[in-house]
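Asks:
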Amino acid sequence: MTGSGDSKEFDIKAKIWLEKDGEPVFGLGRFILLEKIESSGSISSAAKELGYSYKKAWSFINLMEKRFGFELVSKKIGGRHGGGSVLTEKAKNIMNMYKELLEKEKTFLKDYHAHTPHLLHPSKH
């Protein structure tokens with residue numbers, strides 16, 4: 002069987018997420034949400050930047066907090082300069098662990114790709 006794509010090199014892709022009881026809890030999308038909250042200091046701003054409603058962002062946060070069993074985002078009460086949101090240390094720890102997983106995944110895929118050229122380069126086999 003031949004076709005125009007037969008000699009094209011294949012790419013290996015992977016996604017890493019955390020599950021609990023078969024339900025997704027934390028992955029790249031929720032990592033980015035927490036990153037945006039951390040950089041903006043606001044759930045509302047983070048949600049807007051990601052194209053989410055405030056309610057959707059909060060539902061992701063609530064689900065993560067329920068599944069992890071601890072608070073990830075702490076709300077600051079408004080005052081003269083307004084309120085906001087900050088990540089807890091546990092949230093930052095989860096984010097650091099996830100970043101490490103992503104780096105290990107990247108290294109693994111790069112190494113695997115380098116050591117399996119016959120699988121990824123069909124025309125060279």
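One gets the numbering used here by counting positions in the sequence shown from 1 and adding 1 to each.
Using N, Cα and C, we set each Cβ at its ideal position, and we do this for glycine too.
#1: Can you tell me where the alpha helix (DSSP H) holding SER41 begins and where it ends?
#2: In terms of alpha-carbon separation, which member of LYS107, PHE27 and GLY52 lies closest to LEU64?
#3: Taking C-alpha atoms, which residue in LEU103, SER43, ASP12 and PHE71 lies nearest to LYS91?
#4: Name the two residues that bound the continuous beta strand (DSSP E) containing SER75.
#5: Can the beta-carbon of SER86 be found less than 8 angstroms from the beta-carbon of GLY42?
#6: Ends of the alpha helix (DSSP H) at LYS93?
#7: Please check the pair ILE17 and LEU103, which I expect to be a contact at CB under 8 angstroms, by giving their CB distance rounded to whole angstroms.
#8: Helix, strand or coil for SER46, going by three-state DSSP, please let me know.
#9: Measuring alpha carbon to alpha carbon, tell me which residue in LYS111, ALA115, THR117 and LYS57 is nearest ALA15.
#10: Can you have a look at ALA115 and say buried or exposed, based on whether 16 or more other CB atoms are within 10 angstroms of its CB?
#11: Where does the unbroken alpha helix (DSSP H) through GLU66 begin, and where does it stop?
#12: How many whole angstroms separate the CB atoms of VAL74 and ILE44, which I take to be in contact at a CB cut-off of 8 angstroms?
Replies: Inspection of the coordinates gives the following:
#1: Taking the first residue of the sequence shown as position 1, residue 41 is located at position 40. Start and end: 29-41.
#2: Stepping through the sequence shown from its first residue, residue 64 is reached at position 63. Of the residues LYS107, PHE27 and GLY52, the one whose Cα lies closest to the Cα of LEU64 is PHE27.
#3: Stepping through the sequence shown from its first residue, residue 91 is reached at position 90. Nearest C-alpha to LYS91: PHE71.
#4: In the sequence shown, the residue the question calls residue 75 occupies position 74. Note, SER75: beta strand (DSSP E), 74-77.
#5: Translated into the one-based positions of the sequence shown, residue 86 becomes position 85. Translated into the one-based positions of the sequence shown, residue 42 becomes position 41. With contacts defined by Cβ atoms closer than 8 angstroms, SER86 and GLY42 form a contacting pair.
#6: Numbered from its first residue, the sequence shown carries residue 93 at position 92. Following the DSSP letters along the chain, one finds LYS93 inside the alpha helix (DSSP H) bounded by residues 90-116.
#7: Along the sequence shown, one-based indexing puts residue 17 at 16. Along the sequence shown, one-based indexing puts residue 103 at 102. Indeed, because the Cβ distance is near 7 angstroms, the residues count as touching under 8 angstroms.
#8: By one-based count along the sequence shown, residue 46 stands at place 45. Note: SER46 maps to helix in three-state DSSP.
#9: The residue labelled residue 15 in the question sits at position 14 within the sequence shown. Nearest of LYS111, ALA115, THR117 and LYS57 to ALA15, Cα basis: LYS111.
#10: Walking along the sequence shown from the start, residue 115 turns up at place 114. By the Cβ neighbour-count rule, ALA115 is exposed, with fewer than 16 other Cβ atoms within 10 Å of its own.
#11: In the sequence shown, counting from the first residue as 1, residue 66 sits at position 65. Segment 55-69, the alpha helix (DSSP H) holding GLU66.
#12: Counting from one through the sequence shown, the residue named residue 74 turns up at place 73. Counting from one through the sequence shown, the residue named residue 44 turns up at place 43. Cβ-Cβ separation between VAL74 and ILE44: approximately 7 angstroms, consistent with a contact (criterion under 8 angstroms).
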